[in-house]
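Its first residue numbered 46, the sequence shown is counted upward by one per residue in my numbering.
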Amino acid sequence: MKARFYFDIISPFSYFYVKLRHRLEPRLQIEPVPVLLGGLLRAAHNHGPGEIAAKRPYTYQFCVWQAEKLGIPFRFPEHHPFITVAAQRLLAQERADWTMVERAFEFVWVMGKDPNLHWSDFCSHLHLDADTPRPDSPASKAALTANTQEALDRGAFGVPALAIGERIFWGVDAIDWVSDYLDRPTMFEEAPYRTASMVPNGLAPTTA
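1) Under a Cβ-count criterion, where at least 16 other Cβ atoms within 10 Å of its own Cβ denotes burial, should T193 be classed as buried or exposed?
2) Does the contact criterion of 3 or more C-beta pairs under 8 Å hold for the segment 54 to 62 versus the segment 148 to 158?
3) So, F58 versus E76, is the Cβ gap smaller than 8 Å?
4) To test your reading of the DSSP string, which unbroken alpha helix (DSSP H) runs of 4 or more residues are found completely within the segment 137 to 177?
5) Of the residues P205, V78, T251 and A137, which one's Cα is nearest the Cα of D181?
6) Go ahead and pull the three-state DSSP assignment for I75.
7) With a CB to CB cut of under 7 Å and the five nearest residues on each side skipped, what residues in its chain are close to W143?
8) Would DSSP call F50 helix, strand or coil?
9) Return the first residue and the last residue of the beta strand (DSSP E) that A196 is part of.
10) CA-CA distance, R134 and V146?
11) Can you list the beta strand (DSSP E) stretches of 3 or more residues lying completely in the segment 96 to 127, in chain order?
12) Could you please give the first and the last residue of the uninterrupted beta strand (DSSP E) stretch that includes L207?
13) Using only CA atoms, which one of K47, M46 and Y62 lies nearest to W215?
14) Compute the Euclidean distance between the alpha carbons of F167 and W110, then round it to the nearest angstrom.
15) Compute the beta-carbon to beta-carbon distance between N161 and A206, rounded to the nearest angstrom, for a pair I have assumed lies under 8 Å.
16) Please report how far the alpha carbon of K158 lies from the alpha carbon of P122, in whole angstroms.
17) Verify whether the separation of the beta carbon atoms of L81 and L189 is less than 8 Å.
18) Give me the residue from I97, L65 and L173 with the minimum Cα distance to A141.
19) Please name the residue or residues paired with W215 in a DSSP beta bridge.
20) Going by beta carbon distance, what residues of the same chain come within less than 8 Å of Q74, once the five residues before and after it are set aside?
Given below as structure tokens:
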């Protein structure tokens with residue numbers, strides 16, 4: 046079975062997901078798809094945790110704890126959040142396979158570097174020419190835009206997100222849910238799931 050994995054290297058949770066994807070790979074053929082998290086958040090009228098003062102340190106410290114629990118190498122980059130447009134365009138332009146994707150995440154979340162400040166080193170780490178220019182062609186821009194729109198069309202509202210057929214699973218903590226879904230593909234047809242999807246919104250505007 047095929048799946049599409051939407052990611053942005055700005056996300057530590059996407060990094061964790063990449064490191065844990067082996068839990069699903071025996072049963073899923075997962076294709077990495079670079080998107081722009083900012084575009085997903087804007088479409089959902091949402092903010093990333095790095096933009097919310099009280100949530101930022103909590104989330105960052107949680108990432109440190111989670112990496113420790115998972116036994117995964119982890120180091121915050123020089124500053125965060127940072128702009129990932131050029132890096133994500135490059136990954137889209139190069140049709141990055143898992144090896145390149147892993148190296149991109151390693152550059153940020155193991156080596157602790159912002160690709161914008163170390164562009165030549167970033168390209169070299171991806172096994173590209175150090176003189177590789179920052180993608181600025183209409184084609185490279187269109188590729189990332191198309192990926193992001195595809196993720197939106199499939200229901201993604203953040204990263205990491207895994208799309209399987211018409212279903213979208215968001216967050217690294219949804220890996221176990223994906224596994225259960227593969228065991229029970231009729232899960233969402235069951236009454237509790239159908240009922241949960243139709244709970245009325247108590248904050249929705251009403252007409253008098």
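Virtual Cβ for every residue (Gly too), placed ideally from N, Cα, C.
With the structure as the only source:
1) If you number the sequence shown from 1, residue 193 lands on position 148. Buried: at least 16 other Cβ atoms inside 10 Å.
2) Touching, yes.
3) Taking the first residue of the sequence shown as position 1, residue 58 is located at position 13. Taking the first residue of the sequence shown as position 1, residue 76 is located at position 31. Between F58 and E76, the gap from beta carbon to beta carbon reaches 8 Å or more.
4) Complete alpha helix (DSSP H) runs here, min 4: 143 to 154 and 164 to 170.
5) Stepping through the sequence shown from its first residue, residue 181 is reached at position 136. If you compare the alpha carbons of P205, V78, T251 and A137 with that of D181, the shortest gap goes to A137.
6) Here residue 75 refers to the residue found at position 30 of the sequence shown. Three-state result, I75: strand.
7) Start at 1 with the first residue of the sequence shown, and residue 143 comes out as number 98. Contacts found: P77.
8) In the sequence shown, counting from the first residue as 1, residue 50 sits at position 5. Looking at F50 - three-state DSSP - the assignment turns out to be strand.
9) In the sequence shown, the residue the question calls residue 196 occupies position 151. It is not in any beta strand (DSSP E) - A196 instead sits in the alpha helix (DSSP H) that spans P183 to D198.
10) The residue labelled residue 134 in the question sits at position 89 within the sequence shown. The residue labelled residue 146 in the question sits at position 101 within the sequence shown. Their Cα atoms are separated by approximately 12 Å.
11) If we require 3 residues or more, the segment 96 to 127 turns out to have no beta strand (DSSP E) run fully inside it.
12) Counted from its first residue, the sequence shown places residue 207 at position 162. Where L207 is concerned, the enclosing beta strand (DSSP E) stretches over A206 to I209.
13) As a working note, residue 215 is residue 170 in the sequence shown. The residue among K47, M46 and Y62 with its C-alpha nearest the C-alpha of W215 is Y62.
14) Residue mapping note: residue 167 aligns to position 122 of the sequence shown, counting from 1. Residue mapping note: residue 110 aligns to position 65 of the sequence shown, counting from 1. So the alpha carbons of these two residues sit roughly 27 Å apart.
15) Within the sequence shown, the letter at position 116 stands for residue 161. Within the sequence shown, the letter at position 161 stands for residue 206. About 24 Å separates the beta carbons of N161 and A206, which is beyond the 8 Å limit, so they are not a contact pair.
16) One-based indexing of the sequence shown puts residue 158 at position 113. One-based indexing of the sequence shown puts residue 122 at position 77. Straight-line measurement puts the Cα of P122 at about 5 Å from the Cα of K158.
17) Sequence index remark: in the sequence shown, residue 81 carries index 36 (1-based). Sequence index remark: in the sequence shown, residue 189 carries index 144 (1-based). Contact: yes.
18) Locating residue 141 in the sequence shown gives position 96, where the first residue counts as 1. Nearest neighbour of A141 by Cα position, chosen from I97, L65 and L173, turns out to be L173.
19) As a first step, residue 215 is located in the sequence shown; it is residue number 170 there, counting from the start. Its beta-bridge partners are A206.
20) To locate residue 74, count along the sequence shown from 1; it is residue 29. Around Q74, the same chain offers M46, K47 and A48 as residues with beta carbons nearer than 8 Å, after the five sequence neighbours per side are excluded.
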